[in-house]
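Engineer: In my numbering, the protein residues as written are 163 to 494. The beta-carbon is built from N, C-alpha and C at its ideal position, and this holds for glycine as well. Bear in mind that the values here come from a model prediction, so they are computed numbers and not experimental data.
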Amino acid sequence: MIKFDRLLIKKRLFLLICSFCFMPGFVSAQTITLNAPSDSLTVGEVFNLSIAVKSSESFDKIIFPDSAVFNGNLEFLSSKHFKISNSSDSAEFKLQFFAIEDTRIPPLPIKIVTNSDTNLVFTEPFQLFYKQTISSEEDPLKPLKAIFKFPRTVWPYLLLALLLIAIGVFVWWKYFRNKEKLTDEPKPIPVFENPLIELESVLSEIKEKHTSSADKDYKWFYSELSDALRWYVEELYKIPALESTTREVLRYMDAFGVDVEMVKHARTVLNEADMTKFAKFKPTLDESMKAYNEGWLFFERAKKVDSARIQRLKNDFEQQFVNNQEEKDGMG
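1) From Gln481 to Ile359, what does the alpha carbon distance come to, in whole angstroms?
2) Pull up the distance between the alpha-carbon of Met451 and that of Glu370, whole angstroms please.
3) According to DSSP, which residues form a beta bridge with Leu236?
4) Quick check on Pro318: buried or exposed, where buried means 16 or more other Cβ atoms within 10 Å of its Cβ?
5) Strictly under 8 Å for the Cβ-Cβ distance: is Val425 near chain C by that measure?
6) Which whole-angstrom value is the C-beta distance of Ile224 and Ile267, which I expect to be below 8 Å?
7) Are the region 232 to 250 and the region 464 to 474 touching by the rule of at least three beta carbon pairs closer than 8 Å?
8) According to DSSP, simplified to helix, strand and coil, what is Phe383?
9) If Val411 and Val422 are in contact, beta carbons under 8 Å, what's the gap, nearest whole angstrom?
10) Phe460 and Met415 - do their beta-carbons sit closer together than 8 Å?
11) Please identify the residue among Asp264, Asp201, Leu270, Ser249 whose C-alpha is closest to the C-alpha of Ser212.
12) Measure the alpha-carbon distance for Gly187 versus Thr276 and round it to whole angstroms.
13) Applying the criterion that 16 or more other CB atoms from any shown protein chain within 10 Å of the CB defines a buried residue, is Pro357 buried or exposed?
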C-alpha cells in the first residue's frame, strides 16, 4: 500500500512538472538588462543609463520609457534609441543627478508590441549612491571669557548721562520740533526703479568685468549671473528666490505662471551655477559666454512679457505717495 502511494505521488509530480514546462507564456521570453553607474555620484554629475531587451521571438517595436518617468532628483537631458535586430533592441538615456542622498530608480515600464498585442514588462529597480563633496569641520569650543565687573563708582556717571540725554530730548521735542516742521520742504516723490533696467545694467557689468579680467573667476561669474536672475524674479514676482534652492525657485516660477521661455533660460543658468559651486565643474570661456547668452535671452524675453506687470507696479508705487500726501493735507 505504501509503495503504491509513492508511485502515485511520483507520477502526479511528473505530470505537474511537464504541465508547467509546456504551459504557453509561463517562461518569460524576454531578457531585460539595465546598466547604470555603480560608483557614487555627486550633485550635478551627468551619467548614462541604458536598457537592453532581448527576445526569443521577433517583435514589431519596443516602446521605451520617456522623459516623464524621470523626475524628482533625476533630470532628463536626452535619449538615443538603437534597434539592433527584430529580436533585440536598446536605448540609452543621458541623465543628471541632483539628489543629496542615495536614490532608488524604480522599475521602468517597457512595452513590447507584436502584431496587435502589447506586452508590458518592467526593469529591475536600481540603487544610485550619493557622494558628498562638501566637508566641514566644527570649530573647537573656545574658552569662556572672564566676566568684567564695572566698578561701583561708574553707575552714578551713567545715570547722570542718561538724565542729561532725557533732558535734551525733552527740550528738542518741546521747542525745536515744530520749527523743523515749518522749515521742511515737501519731499519729492521717489523715482520708481524699473527691474528690467536694473537687470540690464547688472548683466552688462558682469559681462564687462568677466571679459576684461585676465584671470577668469568662474565661480564669481556664475554666482553673479544666477543672483541677477534670482533678484529679478524676487523683485517682480515676489518669489523668495535669493534664499531658495534652484529646484525650489523653478517650482515657484512654474506655480506663479512665469513665462515658459524665461523658466527655460533660468533653468540653464541656475543649474550650471550649481554645478560650478558644488560639483567642481570647470567651465571654459566659451561655456561661460553661452551661459551669459542664456541670461541675456531671459532679459530679452522679460522685456516682451513683463511690461504690463512692471507698469502696474509703477502705478502702485507712485499712488502710495499720492495717498500719503493727501492724508497729510487733510490733517493740515
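Structural biologist: Concretely, from the data shown:
1) The residue you call residue 481 lines up with position 319 of the sequence shown. The residue you call residue 359 lines up with position 197 of the sequence shown. If I take the Cα positions, the gap works out to 21 Å.
2) On the sequence shown, position 289 is the one that residue 451 refers to. On the sequence shown, position 208 is the one that residue 370 refers to. Distance between the alpha carbons of Met451 and Glu370 is about 12 Å.
3) One-based indexing of the sequence shown puts residue 236 at position 74. According to DSSP, Leu236 bridges with Phe259.
4) What you label residue 318 is simply residue 156 of the sequence shown in a count that begins at 1. Exposed, by the Cβ-count rule.
5) Protein chains in the displayed structure number just one, and chain C is not present.
6) Sequence index remark: in the sequence shown, residue 224 carries index 62 (1-based). Sequence index remark: in the sequence shown, residue 267 carries index 105 (1-based). With a Cβ gap of about 19 Å, Ile224 and Ile267 do not count as contacting.
7) Verdict: no, contact absent.
8) Here residue 383 is taken as the residue at index 221 of the sequence shown, counted from 1. Helix, per DSSP.
9) Residue 411 sits at position 249 when you count from the first residue of the sequence shown. Residue 422 sits at position 260 when you count from the first residue of the sequence shown. At roughly 15 Å, the Cβ-Cβ gap does not stay under 8 Å, so Val411 and Val422 are not in contact.
10) Counting from one through the sequence shown, the residue named residue 415 turns up at place 253. Counting from one through the sequence shown, the residue named residue 460 turns up at place 298. No, these two residues do not count as a Cβ contact at 8 Å.
11) As a first step, residue 212 is located in the sequence shown; it is residue number 50 there, counting from the start. Closest option to Ser212, Cα to Cα, is Leu270.
12) As a working note, residue 187 is residue 25 in the sequence shown. As a working note, residue 276 is residue 114 in the sequence shown. Per-residue confidence for Gly187 stands at a pLDDT of 40, beneath the threshold of 50, marking its modelled position as unreliable; the derived number appears in the next sentence. Distance between the alpha carbons of Gly187 and Thr276 is about 14 Å.
13) Position 195 of the sequence shown, counted from the first residue, corresponds to residue 357. Answer is buried; the Cβ neighbour count reaches 16.
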